[in-house]
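According to our numbering, the sequence shown is numbered sequentially starting from 31. Written below as C-alpha cells is the structure these notes are about.
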Amino acid sequence: MAVAPIDKVRQVLDYAVKEIPRYKIYMGIPNYGYDWTLPFERGVSRARVLGNVEAIELAIRNRADILFDETAQSPHFTYVIDQVQHEVWFEDVRSMKVKYETAGEYLFFGIGYWNLMRPFRANWLLLNHLVNQT
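What follows is the structure, given as C-alpha cells:
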C-alpha cells in the first residue's frame, strides 16, 4: 500500500476540517518509502523504511519498472531477491506535487515533512518551482 495514498489522505483531511479550524492544521507530507516482503502477513510482515532516492536506486539495481498508481497517486515497484518478493512504495515529484496541491486546496496553515533526514533534492526543486510561480 502507498505511504500516503491521496484518496485516503483526502478522507482524513475532510474529517479534520470538520473538527479543527483550518488555521490550526499543518498537513504532514512523507519523505520516505517502505519495502515490504510478500506475501503480507498481518502481525508478522515487517517493512524496511527507505528514502525516495534509495527506492529509485533499488529499482534500478533490480531492473524493476517503476509504476504509478493513479488512485493513490503514488509510485511503486516489485522485485525478487533471494526468492523473496518485495513490493516498494515511495514518494516522487508526481506524488509530492499532488500533496502540495491538496494542501493548497484545503487552505491549511502550512505543511510539514515526516523525515527530513533522507535527502530528496527533486522535492526541493519542485517546491521552489511551485512557490516561485507567477
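Glycine included, C-beta positions come from ideal geometry on N, C-alpha and C. If you're wondering where the values come from, they're calculated on a predicted model, not measured in any experiment.
Whose CA, out of Lys129, Trp144 and Asn153, lies closest to the CA of arginine 40? Position 10 of the sequence shown, counted from the start, is the residue given in the question as residue 40. Residue Lys129 is the option with its Cα nearest to arginine 40.
Touch test, the region 111-118 against the region 76-94, Cβ-Cβ under 8 Å, three pairs minimum: Three or more beta-carbon pairs separated by less than 8 Å link the region 111-118 to the region 76-94, which places the two stretches in contact.
Contact check, leucine 137 vs arginine 52 under 8 Å by CB: the rounded distance? Looking up residue 137 in the sequence shown gives position 107. Looking up residue 52 in the sequence shown gives position 22. Going by Cβ atoms, the distance from leucine 137 to arginine 52 rounds to 5 Å, so yes, they are a contact pair.
So for lysine 53, helix, strand or coil by DSSP? Position 23 of the sequence shown, counted from the start, is the residue given in the question as residue 53. According to the sequence displayed, residue 53 carries tyrosine and not lysine. DSSP places tyrosine 53 in helix when its eight states are reduced to three.
In the DSSP output, which residue or residues are listed as bridge partners for glycine 58? For this step, residue 58 is matched to residue 28 along the sequence shown. Beta-bridge annotation (DSSP): glycine 58 is paired with Gly142.
7 Å Cβ shell around alanine 94 - same chain, five flanking residues per side excluded: Position 64 of the sequence shown holds residue 94. Correct list, in chain order: Phe107, Thr108 and Tyr109.
Rounded C-alpha distance that separates valine 114 from threonine 67: For the purposes of this step, residue 114 is identified with residue 84 of the sequence shown, where counting begins at 1. For the purposes of this step, residue 67 is identified with residue 37 of the sequence shown, where counting begins at 1. Distance between valine 114 and threonine 67, taken at the CA atoms: about 7 Å.
List the whole-angstrom C-beta distance separating alanine 102 from isoleucine 36, where the pair is believed to meet the contact cut-off of C-beta under 8 Å. Here the question's residue 102 lines up with position 72 in the sequence shown. Here the question's residue 36 lines up with position 6 in the sequence shown. Beta-carbon to beta-carbon, alanine 102 and isoleucine 36 are separated by about 6 Å, close enough to satisfy the 8 Å threshold.
Could you tell me whether the Cβ atoms of serine 104 and valine 42 are closer together than 9 Å? Position 74 of the sequence shown, counting from 1, holds the residue named residue 104. Position 12 of the sequence shown, counting from 1, holds the residue named residue 42. Between serine 104 and valine 42, the gap from beta carbon to beta carbon reaches 9 Å or more.
Identify every residue that forms a DSSP beta bridge with glutamine 111. On the sequence shown, residue 111 is found 81 positions in, with the first residue counted as 1. The sequence shown places isoleucine at residue 111, not glutamine. DSSP lists Val114 as partners of isoleucine 111.
Whole angstroms is fine: what's the gap from methionine 57's alpha carbon to glutamate 100's? Within the sequence shown, the letter at position 27 stands for residue 57. Within the sequence shown, the letter at position 70 stands for residue 100. Rounded to whole angstroms, the gap between the alpha carbons of methionine 57 and glutamate 100 is 21 Å.
Return the CA-CA distance between tyrosine 45 and aspartate 112, expressed in angstroms with no decimal places. Within the sequence shown, the letter at position 15 stands for residue 45. Within the sequence shown, the letter at position 82 stands for residue 112. Distance between the alpha carbons of tyrosine 45 and aspartate 112 is about 43 Å.
Identify whether glycine 81 lies in helix, strand or coil by the three-state DSSP scheme. Mapped onto the sequence shown, residue 81 falls at position 51. Glycine 81 falls in the coil class under three-state DSSP.
On the CB-based measure, 16 or more other CB atoms within 10 Å of its CB, does isoleucine 55 come out buried or exposed? Start at 1 with the first residue of the sequence shown, and residue 55 comes out as number 25. Looking at its Cβ environment, which holds 16 or more other Cβ atoms inside 10 Å, isoleucine 55 is buried.
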